[in-house]
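Written out below as structure tokens is the structure these notes cover.
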Amino acid sequence: MATLILVRHGRSTANTEGVLAGWTPGVALDERGAEQAAELPARLAGLPLAAAVHSPLQRCRETLEPLLAARPELPAHTEERIGECRYGDWSGRKLAELAEEPLWTTVQQHPSAATFPGADGESVRAMQARAVDAVREWNGRIEAEHGEHSVYLMCSHGDIIKALVADALGLHLDLFQRISVEPCSVTAIRYTRLRPFLLRLSETGRLDSLAPSGEPARAAEGDAAVGGATGTP
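Everything in the sequence shown is counted per our numbering, starting at 7 for the first residue and increasing by one.
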């Protein structure tokens with residue numbers, strides 16, 4: 007099945023201001039975030055991407071602009087289900103203030119029980135479920151259109167990517183806060199019929215080694231490398 011390249015958006019104005027952005031409109035990349043986005047095409051140059059899928063939010067669209075300009079042939083698709091968690095009444099507030107809220111401890115230590123307040127507040131469980139559903143559907147679509155060794159990209163948000171990594175590793179959602187994903191970092195997951203493999207987590211360097219190697223498959227597809235990986239994807 008496909009290899010998924012997860013890109014977190016570049017550093018945003020909300021990141022530098024210590025604000026929980028959520029779906030607040032107008033949150034753009036800051037100067038450093040724009041620089042990170044400009045570096046992305048070179049970092050991904052060795053990867054034969056079949057498609058680029060992105061959250062509808064501005065900071066994700068801006069992150070992909072240099073890549074799409076460098077690869078005008080690359081199909082781009084908007085996917086609402088990988089948009090940021092809907093933080094409800096927490097959206098737009100300072101993180102330092104939110105840390106004083108009783109719900110903060112639940113979000114940190116028992117996120118599977120957390121639902122954000124307000125009419126449009128979402129549970130962390132629902133956030134993970136919609137993102138996983140989106141990835142599974144896109145995996146099938148990409149494989150059907152481009153083959154089982156295809157590579158595609160999704161540009162999304164920190165909590166979404168952490169939740170997808172937890173799912174890939176078979177971690178309970180309550181452990182997903184142990185995962186850290188940096189702005190404009192790349193996380194790579196290779197999906198197989200039996201299990202996903204986490205190939206990179208919050209990588210900020212070049213990614214040439216993730217390109218398909220053309221080597222024969224292991225004896226059983228989805229088997230882990232006993233003794234450790236051999237240095238090839």
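Where is the CB? At the ideal position from N, CA and C, for every residue including glycine. Treat the numbers as computed from the prediction; the structure is a model and nothing was measured.
{"Query": "Leu12 versus Lys168 - alpha carbon distance", "Result": "10 Å"}
{"Query": "Cut-off 7 Å between Cβ atoms - residues of its own chain near Gly237, not counting five sequence neighbours on either side", "Result": "Its pLDDT being 45, under 50, Gly237 is placed unreliably by the model, and the measurement read from it follows with that caveat. Closer than 7 Å at Cβ, skipping near neighbours: no residue."}
{"Query": "Span separating the alpha-carbon of Ala120 from that of Ser97", "Result": "15 Å"}
{"Query": "Boundaries of the alpha helix (DSSP H) in which Thr19 is found, first to last residue", "Result": "19-23"}
{"Query": "Per-residue DSSP class, three states only, for Glu2", "Result": "Residue 2 cannot be examined here, being either before or after the span of the chain that is shown, 7 to 239."}
{"Query": "Per-residue DSSP class, three states only, for Glu209", "Result": "strand"}
{"Query": "Buried or exposed (CB count within 10 angstroms, at least 16 for buried), Ser186", "Result": "exposed"}
{"Query": "Residue range of the beta strand (DSSP E) that includes Ala57", "Result": "55-60"}
{"Query": "Given Ala51 as reference, the closest of Arg99, Ser61, Leu109, Val157 once Cα atoms are compared", "Result": "Val157"}
{"Query": "Inside the region 132-208 only - beta strand (DSSP E) runs reaching at least 3 residues", "Result": "157-162, 192-197"}
{"Query": "Reduced DSSP secondary structure (H/G/I, E/B, other) of Leu73", "Result": "helix"}
{"Query": "Alpha carbon of Ala27 to alpha carbon of His83, nearest angstrom", "Result": "22 Å"}
{"Query": "Ala8 versus Met160 - alpha carbon distance", "Result": "12 Å"}
{"Query": "Neighbour-count burial assignment, His116, 16 or more Cβ in a 10 Å radius", "Result": "exposed"}
{"Query": "Cα-Cα separation, Leu175 to Tyr93", "Result": "25 Å"}
{"Query": "Residue span of the alpha helix (DSSP H) that contains Arg38, given as start and end", "Result": "37-49"}
{"Query": "Range of the contiguous beta strand (DSSP E) that encloses Leu2", "Result": "No statement about residue 2 is possible, as the shown extent of the chain runs from 7 to 239 and does not include it."}
{"Query": "Anticipated Cβ contact below 8 Å, Ala194 with Leu205, distance rounded", "Result": "4 Å"}
{"Query": "Where the alpha helix (DSSP H) through Thr84 begins and ends", "Result": "Here Thr84 belongs to no alpha helix (DSSP H); instead the beta strand (DSSP E) covers 82-84."}
{"Query": "contact_flag[the region 66-85, the region 40-54] where n(CB pairs < 8 Å) is 3 or more", "Result": "yes"}
{"Query": "Nearest neighbour of Ser208, chosen from Pro218, Leu170, His178 [CA to CA]", "Result": "Leu170"}
{"Query": "Proximity of Glu90 and Trp29 at Cβ, strictly below 7 Å", "Result": "yes"}
{"Query": "N- and C-terminal bounds of the alpha helix (DSSP H) containing Thr112", "Result": "108-115"}
{"Query": "Contact under 7 Å by Cβ, Ser18 with Gly39", "Result": "yes"}
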